[in-house]
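Read the structure below first, then the notes.
Number of protein chains: 4
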Amino acid sequence: MRIEPNSVVPIFQQIVDGIRAAVAAGVYKPGDAIPSVRAQAVASLVNPNTVQRAYEQLERDGLITGRKGLGMIVQTNGRAIALSGTATALSATFAQAIQLGQEAGFSRPAIDKIYRQSWADAPESSGRSKT
Amino acid sequence: MRIEPNSVVPIFQQIVDGIRAAVAAGVYKPGDAIPSVRAQAVASLVNPNTVQRAYEQLERDGLITGRKGLGMIVQTNGRAIALSGTATALSATFAQAIQLGQEAGFSRPAIDKIYRQSWADAPESSGRSKT
Amino acid sequence: MRIEPNSVVPIFQQIVDGIRAAVAAGVYKPGDAIPSVRAQAVASLVNPNTVQRAYEQLERDGLITGRKGLGMIVQTNGRAIALSGTATALSATFAQAIQLGQEAGFSRPAIDKIYRQSWADAPESSGRSKT
Amino acid sequence: MRIEPNSVVPIFQQIVDGIRAAVAAGVYKPGDAIPSVRAQAVASLVNPNTVQRAYEQLERDGLITGRKGLGMIVQTNGRAIALSGTATALSATFAQAIQLGQEAGFSRPAIDKIYRQSWADAPESSGRSKT
DNA sequence: GTGGTCTAGACCACT
DNA sequence: GTGGTCTAGACCACT
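Structural data, given as structure tokens:
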């Protein structure tokens, strides 16, 4: 998981987003354990406390649950929660960009063009898409 | 200008984005003064220091220039800088959303659908757009 | 007189320095009137209050004196005061640069080289020098 | 680091100059942390916000980079940036003094003499220089 | 502890 | 009034 340390979005939030996306993508399925706090911390070059905070958030969201000695397990309905949560996050981000563009006087076609250009600039999705 | 105090995007950055959009939209034209630090602070219910910080950023970007006693003036090429800066900001936001969607396994059509839905949810742009 | 509005040295100080240099150079001789506050303000694209403040400083230094209806007159010993004042200002500026260079670990030859290079970069002095 | 609170050069700029000189001199090497905002504030008898402002400037210059919880780290190419920045600052200061001297009608030998005299007045550099 | 952001209030140079 | 700088004190994310 790529963490951008100087982003305006807090690191723990980036981890929340990343795990949620991975569950949505089926990388971790219901009943699977997600990486341990320590493993995730090493992988993301981040302090374990920060990962811990992200996992607490995901637990509050009902996506995972902690079982002593077993680590954090994806809940039965975890994928549905992840898909819905990711869609909501995307929607909010799009809405924010659209609003900023409108305030600047950009027409819908102009904003659509920037959106399409952002796809062209995106790294390959490598055909793994599921939805 | 609407400020969302609890957003992850810092208040001063919201002001930067807002002024840039206003200059891009032609609300303030080259040679015009933008609202004074104090006036903007009152209007946005924000501390003058926070506005000052936003204006410093805009000055570094070459969009405005400040003179003591006179206010902050939009530069000759301010509109071009604002248009380019706004487009860049939009592009970055879109790219971030697209990447998150791809990580979650969303197909391009699925993400496009969320994008279009975000337009439906957006407040009316009232047809004033020029570009 | 060239004023740099965004310099760290205050505008009124730049005017003080400029008038003092002009008196030192003999542009204004003892008994001459220096430009009126209004004329100087127009010439320097500066507010008259700012020029007024500079002239008050020069009067406190004994370089000029105000005579009702006559404007500001260069004192009898004005040139000596101007020469001494300018030399002091130069000395202080040099000392400041030398100290900064030494703190950065620059040797005397290295600093001397930068000093000579600054001469090469200087606009022509046009051979009017008197001292 | 000596701060002169009543100088025309802003305190935050004095801190910028001081840190840059220290990096140029090799006091802080690439990978080292410079003093924390709070530590520097205490050492310089200055408000933490003022130090913060100086560090932001140095970060924009590419000399250091900040990470929450870790401190401000000198960049790999920090020393080169510091050397170049210090030389530029010296050059600007010299140029300013030379110009003022020329306006006052001082000849090059006269200004050179003041420059050399400023060395005589400077506190000993104790022969530690390396360049 | 460490950087990043923010509020509250002040003084200065300049118009 | 207007921008620029500074102090004092606070909270947050991160280590």
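Protein chains in written order, with the working numbering: chain A, 1122 to 1252; chain B, 1122 to 1252; chain C, 1122 to 1252; chain D, 1122 to 1252.
The beta carbon of each residue, even a glycine, is placed where N, CA and C say it ideally should be.
Keep in mind the model is a prediction, meaning the values are calculated, not measured.
In the three-state reduction of the DSSP assignment, Thr1197/B falls in the coil class.
Burial state of Ser1128/D is exposed, judged by a 10 Å Cβ sphere holding fewer than 16 other Cβ atoms.
Counting only unbroken stretches of 3 or more residues, the beta strand (DSSP E) elements lying wholly within the stretch 1168-1223 of chain A are 1185-1188 and 1192-1195, in sequence order. In this structure, DSSP gives Ala1142/A a helical state, which the three-state scheme calls helix.
Separation of Gly1190/D and Asn1168/A (C-alpha to C-alpha, rounded to the nearest whole angstrom) is 10 Å. For Ala1175/D, no chain C residue has a Cβ inside 8 Å of its Cβ, as the nearest lies near 14 Å away. What Val1129/C touches in chain D, judged by beta-carbon distance under 8 Å, is Val1129, Val1130, Pro1131 and Gln1134, going in chain order. The alpha carbon of Asp1242/B has as its nearest neighbour, out of Arg1237/A, Thr1209/A and Ile1132/A, the alpha carbon of Thr1209/A. Per the DSSP secondary-structure output, Ala1154/A pairs in a beta bridge with Ile1194/A.
Ser1239/D places its beta carbon less than 7 Å from that of Phe1215/C. The beta carbon of Gly1206/C is closer than 6 Å to those of Arg1141 in its chain, skipping five residues each way along the sequence.
Going by DSSP, Tyr1236/B is part of the alpha helix (DSSP H) stretching over Arg1229 to Asp1242. Pairwise C-beta distances place the stretch 1223-1233 of chain D in contact with the stretch 1134-1152 of chain C, as three or more of them are shorter than 8 Å. Sequence-distant partners of Gln1161/D (beyond 5 residues in either direction) whose C-beta falls short of 6 Å from its own C-beta, in its chain, are Val1172.
Assignment of Ile1124/C by DSSP, reduced to helix, strand and coil, places it in the coil class. Only residues of its own chain outside the window of five on either side were considered, and among them Ile1140, Arg1141, Val1144, Val1195, Gln1196, Gly1199, Ile1202, Ala1203 and Gly1206 have a CB closer than 8 Å to the CB of Leu1184/A, listed in chain order. Within its own chain, the residues whose Cβ lies closer than 6 Å to the Cβ of Arg1159/B, once the five positions on either side in sequence are excluded, are Pro1169, listed in chain order. In the same chain as Gln1178/C, and ignoring 5 residues on each side of it, the C-beta atoms closer than 6 Å to its own belong to Val1137, in chain order. Interface annotation, Asp1182/B: not in contact with chain A, CB-CB separation never under 7 Å. Residues Ile1124, Pro1126, Val1167 and Thr1171 of the same chain have their beta carbon placed closer than 7 Å to that of Ile1132/C, with the five preceding and five following residues left out of the count. Each of Tyr1236/A, Ala1231/A and Val1130/A was checked against the Cα of Ala1175/A, and the nearest Cα belongs to Val1130/A. If you check the CB distance, Ser1228/D and Ile1235/C do not come in under 7 Å. Here the alpha carbons of Met1193/C and Arg1181/C stand approximately 12 Å from one another.
DSSP, read as helix, strand or coil, puts Val1137/D in helix.
DSSP places Val1130/C in the coil class of the three-state scheme, outside both helix and strand.
By the criterion of a C-beta distance shorter than 8 Å, Arg1188/B is surrounded in its chain by Ile1194, once the five residues flanking it on both sides are discounted. Non-local beta-carbon contacts of Ala1231/D in its own chain, meaning distances under 8 Å to residues more than five positions away in sequence, involve Gly1222 in chain order.
Residue contact with chain B for Asp1138/A: present (Cβ-Cβ distance below 7 Å to some residue of chain B).
For Ala1210/D, the residues of chain C that pass the 7 Å Cβ criterion are Leu1221, in the order they occur in the chain. Only residues of its own chain outside the window of five on either side were considered, and among them Ile1232 have a CB closer than 8 Å to the CB of Ile1219/C, listed in chain order. Between Glu1224/C and chain D, the shortest Cβ-Cβ separation is below 7 Å. Taking Gln1135/A as the centre and dropping the five residues before and after it, the same chain places the C-beta of Ile1124 closer than 6 Å to its C-beta, in chain order. In the structure shown, Ala1225/B adopts coil according to DSSP, grouped into three states. In the three-state scheme derived from DSSP, where H, G and I count as helix and E and B as strand, Val1148/A is classed as coil. If you draw a 10 Å sphere on the C-beta of Ala1164/B, you find fewer than 16 other C-beta atoms in it, and that means exposed.
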